[in-house]
Every structure is written in C-alpha cells, then in structure tokens.
Amino acid sequence: MTTEAKFDQRTAAMTVGTKQSIARSSFKHTLLIAFGLVMLYPLIWMLGASFKDSEHIFSEVSPIPNPFILDNYVRGWDGAGVGFGTFMINSTIVALLSVIGNLVACTLAAYAFARMQFRGKTFFFACMMAMLMLPHHVLLIPQYILFANLGWVNTFLPLVIPKFLAVDAFFVFLMVQFLRGIPVELDQAAKIDGAGPWKTFFYVILPLLKPALATSAIFTFIWTWNDFLSPMIYLQDPRNYTVPLGLNAFLDASGDSAWGAMFAMAVISLGPLFGFFLVGQKYLVQGIATTGLKG
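Mapping the sequence shown onto the numbering used here, position 220 (from 1) lands on 220, and the numbers just tick up by one.
Here's what the structure looks like:
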C-alpha cells in the first residue's frame, strides 16, 4: 500500500471517529436537555399558572397562558386579609435570625467538640449524634408545652431562640467534619504566639470556615423559609404568618380557592431563595466537597 493510500485510510478513519463522537455528544446533550425540561416542568407550569385565570389553570396542560393576565399578582399581593408583603417581611425576619443563630451557636459548639478537651466530651457528642436520628415530630408536644409556659406562643421566639442554642445537630456535625480537616498545627502555632482559645477561634479558625458557614447559612435559610409545620403550630395571628402560611390562606376548604393569586405569590416567594442561593453557591459547592467526602 502506498503512502497516499495509507494517509487516505487514516483520514477516513478519523472522519468516521469524529462523526461517531459528534453523534454521541449530540445524543447525550439531547438526553440531558429533555431530562432538564422534565425536572423544570413543574416550575414552568407554576410560572404559567400565575398568569392564567382560575378557570384555565387545571383545565390546560400547557404552561402557556391564554389569555395572559396580571391580575393574580395584584390580588395576591393584597393578600387574604393581610398584605402578602407582611408575610414576606415576617419570613425574612425569622429566616435571617435563624441563620445568625445557627452560625453563631453551631460554630462555637463544633469548635468545642473538634478542638477542645473537656469532661464528658464523647458522651455529649454521642448525644448530639443521637439527636440526628430523633424524628422532629417526637419533640413537638413537649416543646409546645415548654414554649406555652414561657408565654412565647404566637410570637417568633419559638422559631428563633432554639437556633441560638445549637439545636440543629446536623450543622454542628457538618462543621465538626470541616474542622477536622484543618491542621491542628495552626492552633498550636497560635498558642505559641500567645493566643488563647477565643483568639485562635476568631483569627485562625473562623476565616477558614467560610465554606462550611456558607453551606449552613444557605440550608438554614431555605429550610426556615419553606417551613410550614412549626409556624402553623406557634403562630395564630395572621399578622404574624410567614410565607407558607400566607400561601395556605389563599386556599379555602369549601372549594372557592384563589389558585391564580396563590401561584403568583408562590413565584414571588421563590425570589429570596434563588437570591440567597446564587450569592453563596460557590461556597456551598466548596463546603459540601470539603465536608461530605470525609469519613
């Protein structure tokens, strides 16, 4: 076989390989796009339903509104007795205070478990791990009796104060895992320089905890913002309602529900969640990668 024939044969083989690679890539991307559309369809449908009148919301599968109306947003923002802006403010207050409480309390608790030596440390850490396996619903009745005796029912205190006491064992465990990845030699070096435990924590450990702090902040904000059960138990005055209770107020057991207004406000209520997630997503991925992969 001549040199030119070998060159042509090699070129033909490369062309076939390139075509097969393009075909595989096209199939993979088509499959991913189709899967993505299936995953996003509920969100797209909800967005479309917010611009439909109530008669067409459940009678049409297509998310495209016909006719297109904006009245749902106006009626929804006026709320069901109380303006929806009040619910947004209430949820923002509860969620931000919960984030602050979890970051402060869980970080200090994790620092103690990961870096300090004290009597009963193993026992208390085992108790904390046991809390992870305890169903939240088991604690509802004793917690309600406690908060009722304190006179905290119908206030934000039952939703916020426990966060400042490091009751979310998941975040304590997450930060302990992250702290175990930080070399102990940093603490020893700070101690040689004359720094005590508090200075070591604030000037050495805390700056390195950014990914774990961001992960805890994002999950706390999302879980608190979407929480329906706890606000339903402790909040009785509609003026204290959070967003999930405000959305539920649009539903009527008799069947005369304002579905359009509810979907419109559901779309608006997603705004803070997306904003909070977008701000901290870089640290969220880093935090999960550096804590979740450790044994």
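We treat Cβ as the ideally placed atom computed from N, Cα and C, and that holds for glycine.
- For the pair PRO162 and ASP168, the Cα-to-Cα distance works out to about 9 Å.
- Three or more pairs of CB atoms, one per stretch, sit closer than 8 Å, so the region 110-119 contacts the region 174-186.
- Under the Cβ criterion (8 Å, minimum of three pairs), the region 79-91 counts as touching the region 251-270.
- Taking the C-beta atoms as reference points, GLY260 is found nearer than 8 Å to ILE57.
- Nearest in C-alpha terms to PHE228, of all of ASN66, PHE87 and ILE64, is PHE87.
- With contact defined as three or more Cβ pairs closer than 8 Å, the region 271-279 and the region 215-227 are in contact.
- Between PRO207 and TYR283, the gap from beta carbon to beta carbon reaches 8 Å or more.
- When the beta-carbon positions are compared, ALA110 and VAL176 come within less than 8 Å of each other.
- Counting only runs of at least 4 residues, the region 218-258 fully encloses the following alpha helix (DSSP H) elements, listed from N- to C-terminal order: 229-234 and 243-248.
- Contact check for ASN154 and GLN236: beta-carbon distance about 5 Å, within the 8 Å limit, so the pair qualifies.
- Collapsing the DSSP output to three states places GLU60 in coil.
- By the criterion of a C-beta distance shorter than 8 Å, LYS191 is surrounded in its chain by THR200, once the five residues flanking it on both sides are discounted.
- No Cβ-Cβ contact shorter than 8 Å links ALA95 with PHE277.
- Contact annotation, LEU213 with THR107: C-beta distance approximately 7 Å; criterion of less than 8 Å satisfied.
- A Cβ-Cβ contact shorter than 8 Å links LEU159 with TYR234.
- In this structure, SER269 sits near LEU247, with a CB-CB distance shorter than 8 Å.
- Contact between PHE173 and MET129 holds, with the beta-carbon distance rounding to 7 Å and staying under 8 Å.
- Per DSSP, the unbroken alpha helix (DSSP H) holding LYS191 starts and ends at 184-192.
- Between the alpha carbons of ALA217 and LEU103 lies a distance of about 7 Å.
- Apart from the 5 residues on each side of it in sequence, ARG239 sits with its Cβ closer than 7 Å to the Cβ of VAL82 and THR86 in its chain, given in chain order.
- DSSP places ALA95 within a helical segment (H, G or I) once states are collapsed to three.
- The three-state secondary structure of GLY181, taken from DSSP, is coil.
- Taking SER50 as reference, the option from LYS28, VAL38 and VAL74 with the minimal CA-CA separation is VAL74.
- Annotation for PHE125: the continuous alpha helix (DSSP H) segment containing it runs 121-133.
- Excluding residues up to 5 positions away in sequence, PHE113 lie with their Cβ nearer than 6 Å to the Cβ of PHE125 in the same chain.
- A Cβ-Cβ contact shorter than 8 Å links PRO65 with GLY48.
- Here GLY83 carries a coil assignment [DSSP, helix/strand/coil].
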